[in-house]
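What follows is one structure encoded as structure tokens, with my remarks underneath.
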């Protein structure tokens, strides 16, 4: 069975500072990994995904994530936080193909301090 | 950019009533899903649907739930007799072929009173 652990339910960073949101996964097969963002009262928007190939993936809004198999991690980073990045971020995993069900982490609420 | 459309955005219903949540997936997508998010909790998988049948369902998706694709464009989730604990945000999603990830709708907030 697959699972996702997001360390830190709340993260606060200053505007312009590095954003680091942590995600560790467990999967019995090579995983497909995703980061979604949820702005208040909105749906889930795909930030980026890892399927195969290059382990450093770039997404929208300047975010990127690196798949590290040895650490079973897929941490999300952004070099310089912007006020508009304040949202809830969810890491998710699926087994194979990306069309299987997604298992989500509990989410990390990112607050940006002016 | 293509969107998954969900209606209504908010529905209030009395306990014991039937509700139907509606979704219009992206037109060339083949896989369809329902997820829910109880307030303050994580997003949970309910059911996946492919080729006009359920391909997988979670233990949450009991006999009170059903899904249908009645006309080739809509994808509906029916809850037969709602309970207070069914109050949640329900997300519809669709995906195309391998590895694309999902596109989620903006959700329907269901409040059972």
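Residue numbers (the working numbering), protein chains in the order written: chain A, 437 to 550; chain B, 4 to 116.
For glycine and all other residues, C-beta sits at the position ideal for the given N, C-alpha and C.
Secondary structure of residue 496 of chain A (DSSP, three-state): helix. For residue 88 of chain B, the three-state secondary structure derived from DSSP is helix.
Proximity to residue 500 of chain A across A:508, A:483, A:489 and A:487 peaks at A:483, based on C-alpha coordinates. Around residue 537 of chain A, the beta-carbon contacts reaching into chain B at under 8 Å are 36, 48, 51, 59 and 61. Between residue 542 of chain A and chain B, the shortest Cβ-Cβ separation is below 9 Å. For residue 26 of chain B, the beta-bridge partners assigned by DSSP are B:9 and B:78. DSSP places residue 531 of chain A within a strand segment (E or B) once states are collapsed to three. Interface criterion met: the Cβ of residue 468 of chain A is under 9 Å from a Cβ in chain B. Non-local beta-carbon contacts of residue 470 of chain A in its own chain, meaning distances under 6 Å to residues more than five positions away in sequence, involve 485 and 528 in chain order. Counted as a single uninterrupted DSSP element, the beta strand (DSSP E) harbouring residue 446 of chain A occupies residues 446-450.
In the structure shown, residue 537 of chain A falls within a coil segment according to DSSP collapsed to helix, strand and coil. Put simply, of B:99, B:45, B:36 and B:114 the residue whose alpha carbon is nearest the alpha carbon of residue 89 of chain B is B:114. Contact with chain B is absent for residue 494 of chain A, since none of that chain's Cβ atoms lies less than 9 Å from the residue's Cβ. When Cβ-Cβ separations below 9 Å define contact, residue 512 of chain A makes no contact with chain B.
In this structure residue 547 of chain A does not touch residue 442 of chain A by the C-beta definition: roughly 15 Å separates them, more than the 8 Å allowed.
Scanning B:78, B:10, B:116 and B:112 for the CA closest to the CA of residue 50 of chain B turns up B:78.
The C-beta separation of residue 71 of chain B from residue 61 of chain B comes to about 18 Å, leaving the pair out of contact by the 8 Å criterion.
In this structure, residue 8 of chain B lies away from residue 116 of chain B, with their beta-carbon atoms at least 9 Å apart.
Under the DSSP assignment, residue 514 of chain A falls in the beta strand (DSSP E) whose first and last residues are 509-514. Chain-order list of chain B residues neighbouring residue 503 of chain A: empty, with the shortest C-beta distance near 14 Å, by a criterion of under 7 Å. In the three-state scheme derived from DSSP, where H, G and I count as helix and E and B as strand, residue 98 of chain B is classed as strand. C-alpha of residue 519 of chain A to C-alpha of residue 474 of chain A: approximately 15 Å in a straight line.
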